[in-house]
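Residue numbering for the sequence shown follows the numbering used here, beginning at 21 and increasing consecutively.
Ideal placement from N, C-alpha and C gives every residue a C-beta, glycine not left out.
In this text, all values refer to a predicted model and were calculated from it rather than measured experimentally.
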Amino acid sequence: MTTAKHDRRTFLAMSAGLVGLGLGFPARAQTRAPDADVLVSRGGAIEVDLEARFGPTRLAGRSARLFSYGGRVPGPRIEVRPGDEVTLRFSNNLPEPTNLHFHGLHVPPTGNADNIFLEIPEGERLTYRFKIPENHPAGTFWYHPHLHGLVAKQVFLGMAGLFVVRGELDEVPEVAAAREQFAVLKDFEVAGGRVPPPSPMEFVRGREGSLVTVNGEVEPEWSLEQGGLLRLRLLNASTARFYRLKLEDHPLYLIATDGGALAEPYELDELLLAPGERAEVLVRGDR
Ligand SMILES: [Cu+2]
21 MTTAKHDRRT
31 FLAMSAGLVG
41 LGLGFPARAQ
51 TRAPDADVLV
61 SRGGAIEVDL
71 EARFGPTRLA
81 GRSARLFSYG
91 GRVPGPRIEV
101 RPGDEVTLRF
111 SNNLPEPTNL
121 HFHGLHVPPT
131 GNADNIFLEI
141 PEGERLTYRF
151 KIPENHPAGT
161 FWYHPHLHGL
171 VAKQVFLGMA
181 GLFVVRGELD
191 EVPEVAAARE
201 QFAVLKDFEV
211 AGGRVPPPSP
221 MEFVRGREGS
231 LVTVNGEVEP
241 EWSLEQGGLL
251 RLRLLNASTA
261 RFYRLKLEDH
271 PLYLIATDGG
281 ALAEPYELDE
291 LLLAPGERAE
301 VLVRGDR
């Protein structure tokens, strides 16, 4: 598996590879599943208001006291394009300090960009500003807190959201023709409507919750029409849990990983996703 250099030739290889696997389809309007709140850049810029919050949050059809972005788990999905200017007005209404990390984005780790040394005290605000480079690869990235000593706790309590860069991979005709579904995999532990503190062992070794969710739901159902193609864009937003993913009788065609788009699709029986990891697979609706 090699990562695509972002030029025309490799994406032609991706396109030809998909056609070779029988995954070529006439392009049609892309259907976006309404799986989360989505904030999309317009005219080369995006302005986002994001609030870190603690309180009753809807999770798996119930209410639990979680940490969240804007009262939702996962937080809103942010979508940009290469060259976009990002302005993100962040307010911290958690009962403790926090900050933001833009996982995987190629933006400066300094100033008011992806700077994990910033600390936003309880009740305060900070405006993050950065530009997505013109040559930024398309891909599935994410944001979460990254304040030293509080990362695992805050992420486990619910803080995570997708950050998507749209670009060349999205324009490969066979990929553009697929139905797109984002899936944020995240485990929680909830008892009596709240997240109990970790045991000393969990504190040291990492914590796995018994409630496994996809986009904040338990076992959501998605349908795929006969002959249709599904583009699953996966994020493991758990702090410790690994996911081994498999679809009965359906191969997964890997088209992108943390490193961005592959040069060609790669057929898999199953996919292992480590904490923080992303992957994109195509699935054909042929059964
Ligand atoms: Cu990260």
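Beta-carbon proximity check, residue i vs residue j, cutoff 8 angstroms
i      : j      : result
ARG214 : ALA72  : no
LEU292 : PRO285 : no
THR147 : ASN135 : no
TYR205 : ASN155 : Reading off the sequence shown, one finds Leu at residue 205, where the question assumed Tyr. Against a cut-off of 8 angstroms, the Cβ pair of ASN155 and LEU205 comes out as no contact.
ALA65  : GLU105 : yes
GLU300 : ALA276 : yes
GLU139 : LEU167 : yes
ALA36  : GLY236 : no
PRO96  : GLY90  : yes
ALA203 : LEU125 : no
Closest Cα partner of residue i within the set the options
i      : options                           : result
PRO94  : LEU291, PHE262, THR77 and TYR286  : THR77
ALA350 : PRO295, ALA281, VAL303 and ASP306 : Nothing about residue 350 can be read from this structure; the chain reaches only from 21 to 307.
ARG149 : HIS156, PRO240, ASP69 and HIS270  : ASP69
ALA260 : PRO295, ALA283 and THR233         : PRO295
ALA211 : GLY279, TRP162, LEU177 and MET221 : LEU177
PRO271 : ASN256, VAL303, LEU252 and PHE262 : VAL303
PRO115 : ASN132, LEU79 and LYS173          : LYS173
LEU38  : ARG82, GLU209, GLN246 and VAL195  : VAL195
PRO217 : LEU170, ASN256 and PRO240         : LEU170
GLN246 : ARG199, GLY229 and LEU265         : ARG199
VAL127 : ASN112, TYR163, SER111 and GLU142 : TYR163
HIS123 : PHE137, ASN112, ASN113 and PHE183 : PHE183
Rounded Cβ spacing between residue i and residue j (contact assumed at less than 8 angstroms)
i      : j      : result
ALA197 : LEU249 : 6 angstroms
GLU239 : ARG264 : Contact flag wrong, Cβ pair sits at about 16 angstroms.
Endpoints, alpha helix (DSSP H) assigned at residue i
i      : result
ALA20  : Residue coverage of the chain in this structure runs from 21 to 307, which leaves residue 20 outside it and unanswerable.
LEU189 : 188-191
TRP225 : First, the amino acid is wrong: residue 225 is Arg here, not Trp. Element bounds for ARG225: 220-225.
LYS173 : 171-176
Cα-Cα separation between residue i and residue j, rounded to whole angstroms
i      : j      : result
THR23  : THR118 : Residue placement at THR23 cannot be trusted, given a pLDDT of 45 that sits under 50; what the coordinates show is reported in the next sentence. Cα-Cα distance, rounded: 34 angstroms.
ARG109 : LEU231 : 31 angstroms
ASP55  : THR107 : The predicted model places ASP55 with a pLDDT of 47, which falls under 50 and marks its position as unreliable; any figure quoted below should be read in that light. In a straight line, the C-alpha of ASP55 is about 24 angstroms away from that of THR107.
LYS151 : GLY63  : 13 angstroms
PRO165 : GLY187 : 26 angstroms
PHE74  : PRO129 : 27 angstroms
PRO193 : PHE31  : 10 angstroms
ILE98  : SER61  : 8 angstroms
GLY185 : ARG82  : The question names Gly, but residue 185 in the sequence shown is Val. Each residue's Cα considered, the two are about 32 angstroms apart.
GLN201 : GLU209 : 25 angstroms
ARG251 : ASP278 : 16 angstroms
GLN50  : PHE161 : Confidence is the limiting factor: at GLN50 the pLDDT is only 49, short of 50, which leaves the residue's position unreliable, though a coordinate-based value still follows. In a straight line, the C-alpha of GLN50 is about 21 angstroms away from that of PHE161.
VAL224 : VAL175 : 16 angstroms
GLY40  : GLU297 : 28 angstroms
PHE87  : GLY42  : 44 angstroms
PRO141 : ALA180 : 19 angstroms
GLU287 : ARG101 : 28 angstroms
N- and C-terminal bounds of the beta strand (DSSP E) containing residue i
i      : result
ALA281 : 280-288
GLU71  : 65-79
GLN201 : 199-208
SER243 : Where SER243 is concerned, there is no enclosing beta strand (DSSP E), given that its DSSP letter is neither H nor E.
THR277 : 272-277
SER88  : 82-89
LEU302 : 298-304
PHE110 : 105-113
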